[in-house]
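Numbering (the working numbering), first residue to last: 1 to 741.
No residue lacks a Cβ here, since even glycine has one placed at the ideal position from N, Cα and C.
Just so it is clear, the structure is predicted and the values come from calculations on it, not from any experiment.
Okay, structure coming up:
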């Protein structure tokens, strides 16, 4: 009975509660989505909050209060979701007297009908801002610059109020920044720029700006350029009024409003117009800076606290497997910064990128200064990072194979397996033949969707093995040796922290040794040390080190599949993409059962190469002669007849520029190579002038000759580069002896 009495008492108290039931209607709302994110608030005469609620999409709201008697109240409608955030300029207020309340069924009820004119609600309307981008790592691979995607890293988008503090440094270093992809901030700011460092403007009150200075600036150059120094200007109406009040001759109020440095989105024909400081740079220079990324591990507001006086995290996302990201958020032009209501049509974007490396969170990029993405509605940001610690990947795994119980090998290194002639085991495409494989080779494959489950009972495994083929037929199973190269990756659930050292294989499963785990679709995967192979579409299976063959031979590469208990799946289907000598993928692709075999010819013999020069002594000196030509001899040999290519360059004196003398290649391989190269490029390397019409050397000069060689053997990125050898040479020309008296 006591509980029933208590329950009845609670119902009675609830029924006596006071409710404000209202409807918000907007002028000229037809055809516009209704969700402005509005909130309704009720305050008493002392300004104490009585209650609040979100306004529904249809404009209705109901605010519950604890009032027991009618009293005067103020109803406020605002886009702010917290009564502490909004200011009077961004709200609509309507007062109601105690007499406006009515009592219904022992409860107080107040009806609030609110009609908002367009000029009131339009500034509240949010814009949908989307920031997309691509995060890549720049690195050197065998002397070549490569890029690889940085997948599954956290990207945070900040809106900042900022000044121009980095710009002087950029201008000072401008010649060295053209056409570059990435520059580290410590290298940029190690020397103070020669230009006078400006004092950052405060979070304005703009009324502190001296109107006489504005007028003087207008007379000297461009009023719009001066006003644009304020990164968070007055609303256009107030700005127009202030400019008109200055009595600037010939400037109408409408055109004055156009000097708002955060204008409306440009017309489609103007969508590529540059903004901010980049707008002041010559177009040809700006174009060469478009891909420049300045990297920083410290937040810019830490390095230059006086330049970034406000920041707000507006969006968080993650890059996908190929390093792409997109982050969208609602942007309210009216918002609060440092306790002051601001009007800002578009955000000033700063990007922060964080990667978990070795279980520890590292800031791998934080936007220090990138004016090309300030004041933008939609921006695409290409980031090229060069920090050695960054872990990059190979791109997204390919689409699952069609059907069920399907697995295959698709690539060896960069080569699709249909370019490997199964009659010879060699790379064969029209115009190229007799190319073997060697070194440490990455193997790629694909699986059907049913083999990609993440649960324990859905896991599948594969084994890769090889056997030498010394006669007709397939080697017996007992001759096959499993590939045992350890394959470690980083693994995580989406948006989770990574396990920095997850073993894909080889590992035993219920006593079955040397198995690799299929990378499932329930996790995110990053493959370390995989920067040079960025061809998307396939899954990395393992690395096959062919060092077991020191000369050359035919080998059978085998793939088998196993279930979650380590039992071999003898009914597995393997599409066989092995080539028939045409260089094309078989059509239709035959399917084999139980296991897949591919024939691969291995050759690990190196190319020995050297250069014969016309030098007459061990110091590499060639006496100058009137004849303008010199002859060099290129020597190259490989025990199995597989020299693929060579080229010969030279540099003159201290100039590092390499100039090609000659090159040659052999599409079916050749050995030995003994090729004479006759050239006049070294002798005829002076400017042609009236006094030297042939451009011949006028004195002694030193040269470096650089010989490169390639093996007619395929590695992970094409024919294997054997290296370079440098030979010193000097052409000695004595000055003309003076005539005898």
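Query raised in the report: Tell me the DSSP bridge mates of residue 98?
Result: Counting from one through the chain shown, the residue named residue 98 turns up at place 98. Answer is none; residue 98 lacks a bridge partner.
Query raised in the report: What three-state label does DSSP hand residue 169 in the structure shown?
Result: What you label residue 169 is simply residue 169 of the chain shown in a count that begins at 1. Here residue 169 sits in helix by DSSP.
**Report entry** Under 8 Å between C-beta atoms of residue 826 and residue 707
**Finding:** What is shown of the chain runs 1 to 741, which leaves residue 826 out entirely.
Report task. In the DSSP assignment, find the unbroken alpha helix (DSSP H) run with residue 598 in it and report its ends. Result -> Within the chain shown, numbered from 1, the residue matching residue 598 stands at position 598. Looking at the DSSP string, residue 598 is not in any alpha helix (DSSP H); the run it does join, the beta strand (DSSP E), is 596 to 603.
Requested in this report: Measure the C-alpha to C-alpha separation of residue 104 and residue 78 and round it to an integer number of angstroms.
Outcome: Within the chain shown, numbered from 1, the residue matching residue 104 stands at position 104. Within the chain shown, numbered from 1, the residue matching residue 78 stands at position 78. The straight-line gap from Cα to Cα measures roughly 29 Å.
Query - Proximal residues to residue 670 (C-beta, below 7 Å), its chain only, five neighbours per side dropped - result: Stepping through the chain shown from its first residue, residue 670 is reached at position 670. Result list for residue 670: 641 and 643, in chain order.
Report task. Pair every Cβ in the segment 558 to 569 with every Cβ in the segment 450 to 468, then say whether three or more of these pairs are closer than 8 Å. Result -> Short answer: they touch.
**Report entry** Host beta strand (DSSP E) of residue 514 (start-end)
**Finding:** For the purposes of this step, residue 514 is taken as the residue at position 514 of the chain shown. For residue 514, the uninterrupted beta strand (DSSP E) segment begins and ends at 512 to 517.
Query raised in the report: Counting only runs that start and end within the segment 460 to 517, where is the beta strand (DSSP E) found for 3 or more residues in a row?
Result: 461 to 468, 487 to 492, 499 to 505, 507 to 509 and 512 to 517
Query raised in the report: If you measure from the CB of residue 676, is any heavy atom of the ligand FAD nearer than 7 Å?
Result: The ligand FAD is not among the ligands present in this structure, which contains no ligands whatsoever.
**Report entry** With 16 other Cβ atoms within 10 Å as the buried cut-off, status of residue 43
**Finding:** Residue numbering aside, residue 43 sits at position 43 when the chain shown is read from its first letter. Looking at its Cβ environment, which holds 16 or more other Cβ atoms inside 10 Å, residue 43 is buried.
**Report entry** residue 547, DSSP secondary structure in three states
**Finding:** In the chain shown, the residue the question calls residue 547 occupies position 547. Residue state, collapsed to three classes: helix.
Query - 6 Å CB neighbourhood of residue 18 in its chain, flanking five on each side removed - result: Here residue 18 refers to the residue found at position 18 when the chain shown is read from its first residue. These residues qualify, in order along the chain: 65, 67 and 108.
Report task. Measure the Cβ-Cβ separation of residue 148 and residue 413 and say whether it is below 8 Å. Result -> Taking the chain shown and counting its residues from 1, one reaches residue 148 at position 148. Taking the chain shown and counting its residues from 1, one reaches residue 413 at position 413. Contact: no.
Query raised in the report: Who does residue 361 pair with in a DSSP beta bridge?
Result: Counting from one through the chain shown, the residue named residue 361 turns up at place 361. 356, per the DSSP bridge assignment.
Query raised in the report: Leaving out five residues before and five after residue 583 in sequence, what residues of the same chain have Cβ atoms less than 8 Å from its Cβ?
Result: Numbered from 1 along the chain shown, position 583 holds the residue referred to as residue 583. For residue 583, where only same-chain residues beyond five positions count, the Cβ hits under 8 Å are 418, 419, 428, 429 and 430.
Query raised in the report: Out of curiosity, what's the CA-to-CA distance linking residue 490 and residue 357?
Result: Taking the first residue of the chain shown as 1, we reach residue 490 at position 490. Taking the first residue of the chain shown as 1, we reach residue 357 at position 357. Straight-line Cα distance between these residues: approximately 9 Å.
Query - Buried or exposed (CB count within 10 angstroms, at least 16 for buried), residue 674 - result: Position 674 of the chain shown, counted from the start, is the residue given in the question as residue 674. Classification of residue 674: exposed, given that the 10 Å Cβ count is below 16.
Query raised in the report: Would the segment 711 to 731 and the segment 606 to 624 be scored as touching if the rule is three or more Cβ pairs under 8 Å?
Result: yes
Query - Whole-number beta carbon distance between residue 588 and residue 401, since they are thought to touch under 8 Å - result: Your numbering for residue 401 matches position 401 in the chain shown. Your numbering for residue 588 matches position 588 in the chain shown. About 14 Å; that fails the 8 Å criterion.
Query raised in the report: What is the rounded straight-line gap between the Cα of residue 512 and the Cα of residue 579?
Result: One-based indexing of the chain shown puts residue 512 at position 512. One-based indexing of the chain shown puts residue 579 at position 579. The straight-line gap from Cα to Cα measures roughly 32 Å.
**Report entry** Residue interval of the beta strand (DSSP E) (run including residue 586)
**Finding:** Here residue 586 corresponds to residue number 586 of the chain shown, with the count starting at 1. Segment: none, residue 586 is in no beta strand (DSSP E) and carries neither H nor E.
Requested in this report: With a 10 Å radius around its C-beta and 16 neighbouring C-beta atoms as the bar for buried, classify residue 112 as buried or exposed.
Outcome: As a working note, residue 112 is residue 112 in the chain shown. Its Cβ being crowded by 16 or more others within 10 Å, residue 112 is buried.
Query - Beta-carbon proximity list for residue 61, same chain, < 6 Å, skipping 5 on both sides - result: Taking the first residue of the chain shown as 1, we reach residue 61 at position 61. Same-chain partners within the cutoff: 22, 40, 53 and 55.
Query - DSSP-derived helix/strand/coil call for residue 402 - result: For this step, residue 402 is matched to residue 402 along the chain shown. Note: residue 402 maps to coil in three-state DSSP.
Query - Residue(s) in a DSSP beta bridge with residue 180 - result: One-based indexing of the chain shown puts residue 180 at position 180. Residue 180 has no beta-bridge partner at all, per DSSP.
Query raised in the report: Nearest-angstrom Cα distance between residue 173 and residue 645?
Result: Residue 173 sits at position 173 when you count from the first residue of the chain shown. Residue 645 sits at position 645 when you count from the first residue of the chain shown. So the two alpha carbons sit approximately 40 Å from each other.
Requested in this report: Tell me, to the nearest whole angstrom, how far the beta carbon of residue 465 is from that of residue 481; I am working on the premise that it is less than 8 Å.
Outcome: In the chain shown, counting from the first residue as 1, residue 465 sits at position 465. In the chain shown, counting from the first residue as 1, residue 481 sits at position 481. 6 Å between Cβ atoms; contact.
Report task. Return the first residue and the last residue of the beta strand (DSSP E) that residue 667 is part of. Result -> The residue labelled residue 667 in the question sits at position 667 within the chain shown. Segment 659 to 670, the beta strand (DSSP E) holding residue 667.
Requested in this report: Measure the C-alpha to C-alpha separation of residue 473 and residue 577 and round it to an integer number of angstroms.
Outcome: Taking the chain shown and counting its residues from 1, one reaches residue 473 at position 473. Taking the chain shown and counting its residues from 1, one reaches residue 577 at position 577. Cα to Cα, residue 473 sits roughly 19 Å from residue 577.
Query raised in the report: Hey, how far is the Cα of residue 581 from the Cα of residue 433?
Result: Against the chain shown, residue 581 aligns to sequence position 581. Against the chain shown, residue 433 aligns to sequence position 433. In a straight line, the C-alpha of residue 581 is about 9 Å away from that of residue 433.
Requested in this report: Thinking residue 742 and residue 544 are a contact (beta carbons under 8 Å), I'd like their distance in whole angstroms, please.
Outcome: Examination of residue 742 is not possible in this model, given that the chain is present from 1 through 741 alone.
Query raised in the report: Alpha carbon to alpha carbon, what distance is there between residue 130 and residue 451?
Result: Locating residue 451 in the chain shown gives position 451, where the first residue counts as 1. Locating residue 130 in the chain shown gives position 130, where the first residue counts as 1. Computed Cα separation, rounded: 36 Å.
Query raised in the report: Which residues bound the beta strand (DSSP E) around residue 446?
Result: Translated into positions along the chain shown, residue 446 becomes position 446. Counting along the chain, the beta strand (DSSP E) containing residue 446 begins and ends at 440 to 447.
**Report entry** The beta strand (DSSP E) enclosing residue 414, as first and last residue numbers
**Finding:** Counting from one through the chain shown, the residue named residue 414 turns up at place 414. Residue 414 -> no beta strand (DSSP E), and no H or E assigned at all.
Query raised in the report: At what residues does the beta strand (DSSP E) containing residue 704 begin and finish?
Result: As a position in the chain shown, residue 704 is number 704, starting the count at 1. Looking at the DSSP string, the run of the beta strand (DSSP E) that includes residue 704 is 701 to 715.
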